[in-house]
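Participant: In this note's numbering, the protein residues as written are 2 to 175.
The beta-carbon is built from N, C-alpha and C at its ideal position, and this holds for glycine as well.
Computed from a prediction, not measured in an experiment: that's the story for all the values here.
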Amino acid sequence: MTDQNLSPPDFSAVSIRAARVADFEQINALASLPGFRAGTLRLPFHSADQTRKWLESLGAGTTSIVAEINQQIVGHAGLHRSDGRRAHAANLGIGVHDDFTRRGIGKALLRALIDAADNWLNIKRIELTVYCDNAAAIRLYEKFGFEREGLHRDYAFKQGGFVDAVAMARLRKI
Numbered sequence: 002m003t004d005q006n007l008s009p010p011d012f013s014a015v016s017i018r019a020a021r022v023a024d025f026e027q028i029n030a031l032a033s034l035p036g037f038r039a040g041t042l043r044l045p046f047h048s049a050d051q052t053r054k055w056l057e058s059l060g061a062g063t064t065s066i067v068a069e070i071n072q073q074i075v076g077h078a079g080l081h082r083s084d085g086r087r088a089h090a091a092n093l094g095i096g097v098h099d100d101f102t103r104r105g106i107g108k109a110l111l112r113a114l115i116d117a118a119d120n121w122l123n124i125k126r127i128e129l130t131v132y133c134d135n136a137a138a139i140r141l142y143e144k145f146g147f148e149r150e151g152l153h154r155d156y157a158f159k160q161g162g163f164v165d166a167v168a169m170a171r172l173r174k175i
């Protein structure tokens with residue numbers, strides 16, 4: 002059950018670290034939660050084995066991190082770098098446990114990925130796509146300098162109907 006009245010977590014207890022293949026069961030359980038899944042393109046009934054294989058297949062161009070509280074993974078995020086003439090760009094994905102939304106977990110994950118992109122990976126452009134009905138995520142992205150670049154009409158089939166999504170990007174000033 003989600004309780005939106007819980008206080009923010011003690012950030013001394015929140016750890017942001019690289020995702021590991023050994024995290025596959027917790028990441029699969031997290032990504033299978035209804036709220037988490039509703040914000041992604043993930044289909045229901047994704048197996049833990051599929052998640053393990055996905056984690057094993059991540060290449061050098063992907064930065065995958067988790068947020069952890071008391072050894073429980075409460076958020077997952079990643080950057081996937083483009084290649085060739087788009088090697089300066091990366092696509093961002095992020096999700097937070099249904100019981101930990103609106104408590105700074107997404108903000109901490111986003112801050113960590115932007116720091117990695119700006120200071121370690123030399124990524125100039127971070128791109129993302131977010132459903133139009135996810136106002137909280139859009140506000141968070143805008144606070145971190147993301148701008149709306151376009152609208153994808155009927156972007157995905159979600160909960161029985163087609164939904165629109167916003168294309169957003171953050172360009173690092175060099």
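Using the C-alpha atoms, what's the distance from D50 back to R104?
Facilitator: Within the sequence shown, numbered from 1, the residue matching residue 104 stands at position 103. Within the sequence shown, numbered from 1, the residue matching residue 50 stands at position 49. Whole-angstrom Cα-Cα distance: 30 Å.
Participant: Thinking just about the alpha-carbon of each residue, which of R171, T130, D100 and L152 is nearest to the one in A118?
Facilitator: Indexing the sequence shown from 1 puts residue 118 at position 117. Nearest Cα to A118 within the set R171, T130, D100 and L152: R171.
Participant: Identify, in the order they occur along the chain, each residue of the same chain with its Cβ nearer than 6 Å to the Cβ of H98, setting aside the five sequence neighbours on each side.
Facilitator: Here residue 98 refers to the residue found at position 97 of the sequence shown. L31 and V75.
Participant: Let me check one thing: in DSSP terms, what residues is V167 bridge-paired to?
Facilitator: The residue given as residue 167 occupies position 166 in the sequence shown. In the DSSP output, where bridge partners are listed per residue, V167 has V131 and L152.
Participant: What number of angstroms, rounded off, separates the C-alpha of E1 from the C-alpha of E128?
Facilitator: Coverage of the chain is limited to positions 2 through 175, which leaves residue 1 absent and any answer about it impossible.
Participant: Nearest CA to the CA of A14: which residue from Q72, F147 and S65?
Facilitator: Numbered from its first residue, the sequence shown carries residue 14 at position 13. Out of Q72, F147 and S65, Q72 has the C-alpha closest to the C-alpha of A14.
Participant: For D24, is the classification buried or exposed, using 16 other Cβ atoms within 10 angstroms of its Cβ as the cut-off for buried?
Facilitator: The count along the sequence shown starts at 1 and reaches residue 24 at position 23. D24 is buried by the Cβ-count criterion.
Participant: Excluding the 5 residues flanking I106 on each side, which residues of the same chain have their C-beta closer than 8 Å to its C-beta?
Facilitator: Numbered from its first residue, the sequence shown carries residue 106 at position 105. Cβ within range, chain order: P10, V15, A68, V75, G76, V97 and H98.
Participant: Going by C-alpha to C-alpha distance, which of T63, R86, E148 and N123 sits closest to T130?
Facilitator: Mapped onto the sequence shown, residue 130 falls at position 129. Closest by alpha carbon: E148.
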